[in-house]
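Chemist:
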Amino acid sequence: MRFCPKCGNQVECKIPPGDNRDRAVCPTCDHIDYDNPNVITGTLPIFDNKILLCKRSIEPRLGYWTLPAGFMENQETTKEGALRETLEETGSHAICGPAFSMINIPHINQIHLFYLATLTKADFHPTEESSDVALFEYDQIPWDDIAFSSVTKTLKLYLQDIENGQFQFHEDTIYPVT
Ligand code: ZN
14 MRFCPKCGNQ
24 VECKIPPGDN
34 RDRAVCPTCD
44 HIDYDNPNVI
54 TGTLPIFDNK
64 ILLCKRSIEP
74 RLGYWTLPAG
84 FMENQETTKE
94 GALRETLEET
104 GSHAICGPAF
114 SMINIPHINQ
124 IHLFYLATLT
134 KADFHPTEES
144 SDVALFEYDQ
154 IPWDDIAFSS
164 VTKTLKLYLQ
174 DIENGQFQFH
184 EDTIYPVT
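Residue numbers in the sequence shown follow the numbering used here, run continuously in steps of one, and reach 191 at the last position.
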């Protein structure tokens, strides 16, 4: 059951005039509560030819390794969000590089965006959100313990680009495992 964020009355699920899909519509004040995909923004931080990963100390996927990333906030750019998440999760003031991967995950209404980033020094440390933060050699990535499929995909694309000697932007989609 959902309630109107404007007036607090119970909303109805219906197609508003001129629209083509069900929305949460308030019968009292006519407010339409649009529910749209979320952007997860983060970085792939590099230092000394190693990749910085953080071990999650929060659910979901507690105890698994991930790239620093999180939900984009209002009033910030994707790049600002990526650097904010990197600081919050790794303690590191990374320098943001180009956008590297954009992974659509339609079945969970998310878009994951990763920027390449570089550390100017080893200024990372465990944080409230990460029980451990560590650099991994390219051949030492803990593939079996990566938290999210978008992170696995992004790391593989990165290693592939290294092998090809050329970095490019990658757009991809993750579908549900059937
Ligand atoms: Zn209302």
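Quick reminder that beta carbons are idealized off the backbone N, C-alpha and C, glycines included.
Using 10 angstroms around the beta-carbon of lysine 134, count the other beta-carbons present and answer buried if the total reaches 16, otherwise exposed.
Modeler: Flag for lysine 134 reads exposed.
Chemist: For arginine 69 and serine 163, which I take to be in contact (beta-carbon distance under 8 Å), what is that distance rounded to the nearest angstrom?
Modeler: Contact doesn't hold; Cβ gap of about 14 Å is too wide.
Chemist: Any heavy atom of the ligand ZN closer than 6 Å to the Cβ of histidine 44?
Modeler: Correct: histidine 44 has its Cβ closer than 6 Å to the ligand ZN.
Chemist: Quick check on this structure: which residue in Gln181, Val38, Ile59 has the alpha carbon closest to the alpha carbon of leucine 148?
Modeler: That would be Ile59, whose Cα lies nearest to the Cα of leucine 148.
Chemist: Would you kindly work out how many angstroms separate the C-alpha atoms of alanine 107 and arginine 97, rounded to a whole number?
Modeler: Alanine 107 and arginine 97: Cα-Cα distance of roughly 10 Å.
Chemist: Let me confirm a value: cysteine 39 is counted as buried when at least 16 other C-beta atoms fall within 10 Å, else exposed. Which label applies?
Modeler: Buried, by the Cβ-count rule.
Chemist: Suppose the cutoff is 7 Å on Cβ atoms and the five residues either side in sequence are ignored; what does the same chain contact list for phenylalanine 84 look like?
Modeler: Correct list, in chain order: Asn51, Ile53.
Chemist: Using C-beta distances below 8 Å, list every residue in its chain close to phenylalanine 182, excluding the 5 sequence neighbours before and after it, in chain order.
Modeler: Excluding sequence neighbours, phenylalanine 182 sits near Pro111, Ala112, Phe113, Ser114, Met115.
Chemist: Straight-line CA distance for asparagine 177 to proline 139?
Modeler: Roughly 33 Å separates the two Cα atoms.
Chemist: Below 6 Å, is the gap between the Cβ of asparagine 49 and the nearest heavy atom of the ligand ZN?
Modeler: No, the ligand ZN has no heavy atom inside 6 Å of this Cβ.
Chemist: Hey, quick one: how far does the beta strand (DSSP E) through aspartate 185 stretch, first residue to last?
Modeler: Its beta strand (DSSP E) spans residues 183 to 186.
Chemist: Taking the alpha carbon of threonine 99 as the reference point, which residue from Val146, Ile121, Gln123 has its own alpha carbon closest?
Modeler: Measuring from the Cα of threonine 99, the nearest candidate turns out to be Val146.
Chemist: Is the beta carbon of threonine 56 sitting closer than 7 Å to the one on tyrosine 151?
Modeler: No, the pair does not count as a contact, with Cβ atoms beyond the cut-off.
Chemist: Quick check on DSSP: helix, strand or coil for glutamine 88?
Modeler: Correct three-state label for glutamine 88: coil.
Chemist: Does DSSP put threonine 41 in a helix, in a strand, or in coil?
Modeler: Three-state DSSP puts threonine 41 in coil, outside helix and strand.
Chemist: Considering only heavy atoms of the ligand ZN, does any lie closer than 6 Å to the CB of threonine 41?
Modeler: It does: the Cβ of threonine 41 is within 6 Å (strictly closer) of some heavy atom of the ligand ZN.
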